[in-house]
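Single-structure report; data block below.
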Amino acid sequence: MKNVESVTKELLARIPTINFLFMSPGIMTMKGRDETEEGIDKKLAVHYCARWKFIDRLVPALVKAKEAGEDAKVPSVLAAGKGGEIDLNDLSLEKTFSVTNAALSTPTYNDLMLQEYSKKYPELTFVHSYPGFVRSSLVSSSDSRIMQLASPIVMSLFRPFSTNIQDCGEYMLHGLLNSKAGFYRVGSQGEDLGMKRYFGSEEARKKLWEHTVKATE
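Those letters in the sequence shown? Residues 3 to 219, by this note's numbering.
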């Protein structure tokens, strides 16, 4: 989180307005709970907390862009429509952590995060998108030796069902540019997912927001 703080300060000092705040950091690991110095599991930090803090610190530049009559949109590329139920009593997953639970919780966290930001900044656009299976270096760059070795085989087997990086980018951009002010969820071909497999509520949004403010201080 300290890195996010320093980067956002530098960006705000150099760039007065931001039109598109793209966020797609990812981590592929089979490790158990692996915490940052702030006590946040690294998977939660990369797939959720860092994204929340980037928006929180850079939203003034997005607002300025919108006030100037320009686009101001925030796409978070993760797994829209692929989340699950969350435990409001263990949002940090300290008691219920597993790789599967983290994988199911962070998409829901992204839904709740972007939806809550859209409530606070209704003039801006917030999009949670699912890129599908993309032929990228995510698996080969895993910290798991097994996953590194299996990467060529996995990529070959799933090639007919995967998308190259350029096409994926175009799909994601299509979904983003066709979204107006508010909160949207976009699928792997840029289609509007609506609220398919949405596991949120007003209570969940509020509790997650309060939890995240404290966790990312």
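We put the CB at the ideal spot given by N, CA and C, even for glycine. Given the structure is predicted, the values throughout are model-derived calculations rather than measurements.
Quick check on residue i: does DSSP put it in helix, strand or coil?
i      : result
Met30  : coil
Gly192 : coil
Ser153 : helix
Arg35  : coil
Pro252 : Because residue 252 is not part of the residues shown, which for the chain are 3 to 219, the question remains open.
Asp58  : helix
Pro109 : helix
Lys216 : helix
Hey, how far is the Cα of residue i from the Cα of residue j?
i      : j      : result
Ala15  : Leu179 : 27 Å
Lys216 : Leu159 : 43 Å
Phe99  : His49  : 15 Å
Asn103 : Thr38  : 18 Å
Lys68  : Asn21  : 8 Å
Met174 : Lys75  : 13 Å
Cys170 : Arg137 : 9 Å
Trp54  : Ala70  : 24 Å
Asn5   : Met197 : 33 Å
With the cut-off set at 9 Å, would you say residue i and residue j are in Cβ contact?
i      : j      : result
Asp2   : Phe24  : A question about residue 2 goes unanswered here, because the residues of the chain that appear run from 3 up to 219.
Leu93  : Leu195 : no
Ser181 : Gly134 : no
Ala63  : Thr19  : yes
Val101 : Lys33  : yes
Ile42  : Met3   : yes
Val61  : Tyr123 : yes
Between residue i and residue j, how many whole angstroms is the CB-CB distance? I'm expecting something under 8 Å.
i      : j      : result
Phe56  : Gln117 : Between Gln117 and Phe56 the Cβ distance is about 17 Å, and since that is not below 8 Å, they are no contact.
Gly85  : Arg199 : 6 Å
Ala183 : Glu125 : 6 Å
Segment contact flag, the stretch 122-138 with the stretch 77-87, C-beta cutoff 8 Å, min 3 pairs: Yes, the stretch 122-138 touches the stretch 77-87.
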